[in-house]
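A short write-up of the structure that comes next.
Protein chains: 4
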Amino acid sequence: MIKDNDFIKDHDIPGPTKEEIRCLVLCKSQVTEKDTVVDIGCGTGGLTVEFARRAGKVYAVDKNPEALKITRLNLEKFQLSPKVEVVDASAPQVLEDLPEFDILLVGGSSGKLSQILKEGYKKLNDDGRIIVTSILLETRVEAVATMKELGLIPEVVEVSISRGRILESGTMMTAQNPITIISTQKI
Amino acid sequence: MIKDNDFIKDHDIPGPTKEEIRCLVLCKSQVTEKDTVVDIGCGTGGLTVEFARRAGKVYAVDKNPEALKITRLNLEKFQLSPKVEVVDASAPQVLEDLPEFDILLVGGSSGKLSQILKEGYKKLNDDGRIIVTSILLETRVEAVATMKELGLIPEVVEVSISRGRILESGTMMTAQNPITIISTQKI
Amino acid sequence: MIKDNDFIKDHDIPGPTKEEIRCLVLCKSQVTEKDTVVDIGCGTGGLTVEFARRAGKVYAVDKNPEALKITRLNLEKFQLSPKVEVVDASAPQVLEDLPEFDILLVGGSSGKLSQILKEGYKKLNDDGRIIVTSILLETRVEAVATMKELGLIPEVVEVSISRGRILESGTMMTAQNPITIISTQKI
Amino acid sequence: MIKDNDFIKDHDIPGPTKEEIRCLVLCKSQVTEKDTVVDIGCGTGGLTVEFARRAGKVYAVDKNPEALKITRLNLEKFQLSPKVEVVDASAPQVLEDLPEFDILLVGGSSGKLSQILKEGYKKLNDDGRIIVTSILLETRVEAVATMKELGLIPEVVEVSISRGRILESGTMMTAQNPITIISTQKI
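Residue numbers (this note's numbering), protein chains in the order written: chain A, 1 to 187; chain B, 1 to 187; chain C, 1 to 187; chain D, 1 to 187.
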């Protein structure tokens, strides 16, 4: 995994998704080199970069041009630009214009999570996976409810990570904000 | 409980102990108005103030004069100065000079936790309680080991608290650093 | 605080609310001996007992007669029966029949949380507090949304507690299920 | 990742390491197909199986023959037996008899963590990784202290996972016991 500090950042853009969460999202996604991935709300591009290393093709979508700029810089830094198409667009509309895909990541949904999941589901290949990372109480519930509505079985995992800072006086535990990962697979 | 933001703070002084942790320490202490309390490493005075409201007498000890200054300001703010003696001294030495007490709080121990617990135990009344709040991996283990060595039964509780920030987009959960509370009672 | 194991239990009845959560609910409630408390979904009676020790009067409500039986046994055990009226009824309907109160606790809502909060709010005295304890993702969001709808400011605290089991090999941390406490005060 | 329930289990044998922890250990290990892995205290074989899928060779060590039996059954189930040597032996002694390796996993240490890390370090190839998973307060501290003593920089991550159970009434969060992962790399 890439360390959080190795990503180019911008304090106005959320991310990068923390190392341990990127790791868990990768595991839940079961990504392989055959997969096409769509990353909605790519922000800094942390997940985009990780998936670009392992998938066949990634579409990184954000409606904020500043976010796309940072994502592009990170893709260049890690020499992954050829595998990624950076798309300046809003979801769910953008989904109509994309080819079918195997993995849908939703990190930011600007209040349209339900529509994104429903539109995304239409373009999702058989056995495809959807993974939502949520920092808001409300998106967790919306993700679960929408997946159920689509006849899918949601898997919900709340992750709380604390990292130890090695000080002279000892190992001080510092918490990261909890993230809930809601994932499912098209049957 | 007093809200965290209602305490006078200084960015060089640790504290105040967060509201929920103060609450749990109070519960574990079983404090009553008959109790004499010693607060070692009082920092901002968060716990000192809470115990001063409920106990008979509190000794607030810190070796940092700046911490004692902030503690004094908070005691004045909450009109609790008469119940508290603020002591500019180092532990464990200071314990020799204090009268016997019912509750020993150790929030900061500057690497001398084991000695503080052993000396404190000598001055602890029957049925007295000791409560250590720990942010370092190492102090948790030292507290447990020393209590066992003294023939006491340690109770260990790790507390992770996230608070919701009410934003327009929803309720964002933000984590506080985990705290471990190690407590015991003299039998 | 009463230890979890000191309550009479029944494996069909939820509870008792764990010691640390009872402690935090008490703190958030700012309970005093002048307060009248309504506990909706009292289950085993853990919170009922704690509030009966500190409040003027408690109404313990559950629609499950078995739960009320266990609550009564615990009230007898802790000699608190005179301060508590045990009410065999469903919420929100029951709220109409109760006198006005200062603290509304909602531990179980059987899918009617929003109605309970709205009806409860009508009977809540000025400066009264409402505290919801939630184990379901959905009730957290419903509590926050309903409080906002009522013009109240919700405070959301997610609590994760692990307790150390003192084994010969060391101190093993065992997790309790996370609880979210949503509280508010009538302004 | 393999689901927890897909492993053959035995209630006397610890494990399998939960899915999310296996995932994080894999990420921290940076395992590739060129790596030789030693898994000390393999228990049910959860990590052994995951590493056997990704590494060149795995040595699964346990001093409990029953654990090794379960590990063998899981290796057969996942058709990974050819890549794994199951070793009935005690650590740290066994380390002397093994060839050099790239990744040392320590899940169970029977009170000999410090010696295992020191002996293991001698057989660790350049750029090799050590990963300790700890459920005891004491092993966390021992791992950090021993890594420091060896001139290594420990990375400490405490992981608390709750999983949502999809019930009719909603999504109930149930906690797994917290695990601390202490990892380092030979420089």
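Ideal Cβ positions, reconstructed from N, Cα and C, are used throughout, including at glycine. Given the structure is predicted, the values throughout are model-derived calculations rather than measurements.
Backbone secondary structure at residue i - three-state DSSP
{"i": "G164 (chain B)", "result": "strand"}
{"i": "S183 (chain C)", "result": "strand"}
{"i": "V94 (chain C)", "result": "helix"}
{"i": "G128 (chain B)", "result": "strand"}
{"i": "V157 (chain C)", "result": "strand"}
{"i": "E47 (chain D)", "result": "Checking the sequence, you will find Leu at residue 47 (chain D) rather than Glu. L47 (chain D) falls in the helix class under three-state DSSP."}
{"i": "M147 (chain B)", "result": "helix"}
{"i": "K122 (chain C)", "result": "helix"}
{"i": "E85 (chain B)", "result": "strand"}
{"i": "L105 (chain D)", "result": "strand"}
{"i": "S110 (chain A)", "result": "coil"}
{"i": "D62 (chain C)", "result": "strand"}
{"i": "I135 (chain A)", "result": "coil"}
{"i": "I8 (chain A)", "result": "coil"}
{"i": "T71 (chain B)", "result": "helix"}
{"i": "A55 (chain B)", "result": "coil"}
{"i": "I13 (chain D)", "result": "coil"}
{"i": "I2 (chain A)", "result": "coil"}
{"i": "V37 (chain D)", "result": "strand"}
Burial state of residue i (16 or more Cβ within 10 Å)
{"i": "N74 (chain A)", "result": "buried"}
{"i": "P65 (chain B)", "result": "exposed"}
{"i": "E149 (chain B)", "result": "exposed"}
{"i": "D62 (chain C)", "result": "buried"}
{"i": "D127 (chain A)", "result": "exposed"}
{"i": "I187 (chain D)", "result": "exposed"}
{"i": "G108 (chain B)", "result": "buried"}
{"i": "G188 (chain C)", "result": "One cannot answer for residue 188 (chain C) here, as it falls past the ends of chain C, which runs 1 to 187."}
{"i": "P99 (chain B)", "result": "exposed"}
{"i": "G41 (chain B)", "result": "buried"}
{"i": "E76 (chain D)", "result": "exposed"}
{"i": "D39 (chain C)", "result": "buried"}
{"i": "E168 (chain C)", "result": "exposed"}
{"i": "I182 (chain C)", "result": "buried"}
{"i": "G46 (chain B)", "result": "buried"}
{"i": "E155 (chain D)", "result": "buried"}
{"i": "E142 (chain B)", "result": "buried"}
{"i": "G164 (chain A)", "result": "buried"}
Distance CB(residue i)-CB(residue j) smaller than 8 Å
{"i": "K123 (chain B)", "j": "F101 (chain B)", "result": "yes"}
{"i": "R54 (chain D)", "j": "L26 (chain D)", "result": "yes"}
{"i": "I135 (chain B)", "j": "D35 (chain B)", "result": "no"}
{"i": "T44 (chain B)", "j": "I70 (chain B)", "result": "yes"}
{"i": "T184 (chain A)", "j": "I130 (chain A)", "result": "yes"}
{"i": "E119 (chain D)", "j": "L95 (chain D)", "result": "yes"}
{"i": "V144 (chain A)", "j": "T146 (chain D)", "result": "no"}
{"i": "A188 (chain C)", "j": "P14 (chain D)", "result": "In the structure as shown, chain C starts at 1 and stops at 187, and residue 188 (chain C) therefore has no counterpart that could be examined."}
{"i": "V106 (chain A)", "j": "V86 (chain A)", "result": "no"}
Contact test: residue i Cβ vs the ligand GTP heavy atom, cutoff 7 Å
{"i": "G46 (chain B)", "result": "Of the ligands one can find in the structure shown there are none, so the ligand GTP has no counterpart to examine."}
### chain B contacts made by the segment 146-159 of chain C, where a contact means CB separation under 9 Å
Those residues of the segment 146-159 of chain C placed with their C-beta closer than 9 Å to a C-beta in chain B are K148, I153, P154, E155, V156, V157, E158 and V159, ordered along the chain.
### Message
Quick check: the segment 15-33 of chain C against the segment 49-62 of chain C, are at least 3 beta-carbon pairs closer than 8 Å?
### Response
The answer is yes - the segment 15-33 of chain C touches the segment 49-62 of chain C, with three or more Cβ pairs under 8 Å.
### Query
Hey, is the segment 158-178 of chain D in contact with the segment 10-30 of chain D, meaning 3+ C-beta pairs nearer than 8 Å?
Contact holds: three or more Cβ-Cβ distances are below 8 Å.
### Three CB pairs or more closer than 8 Å across the segment 85-98 of chain C and the segment 115-129 of chain C
Yes: the two stretches touch, three or more of their Cβ pairs being nearer than 8 Å.
### Query
Of all the residues that make up the segment 67-96 of chain D, which are near chain B by a beta-carbon distance shorter than 9 Å?
The residues in question: there are none.
### Task
Note down, in chain order, all residues in the segment 160-184 of chain A with a beta-carbon under 7 Å from any beta-carbon belonging to chain B.
When C-beta distances to chain B are compared with 7 Å, the residues of the segment 160-184 of chain A below that value are S160, S162, G164, S169, G170, T171, M172, M173, T174, A175, Q176, N177 and P178, in chain order.
### Query
Of all the residues that make up the segment 103-137 of chain B, which are near chain A by a beta-carbon distance shorter than 7 Å?
Those residues of the segment 103-137 of chain B that come within reach of chain A (Cβ to Cβ, closer than 7 Å) are G111, I135, L136 and L137.
### Query
Taking Cβ-Cβ distances below 7 Å as the criterion, which residues of the segment 8-36 of chain B are in contact with chain A?
Hits within the stretch: zero.
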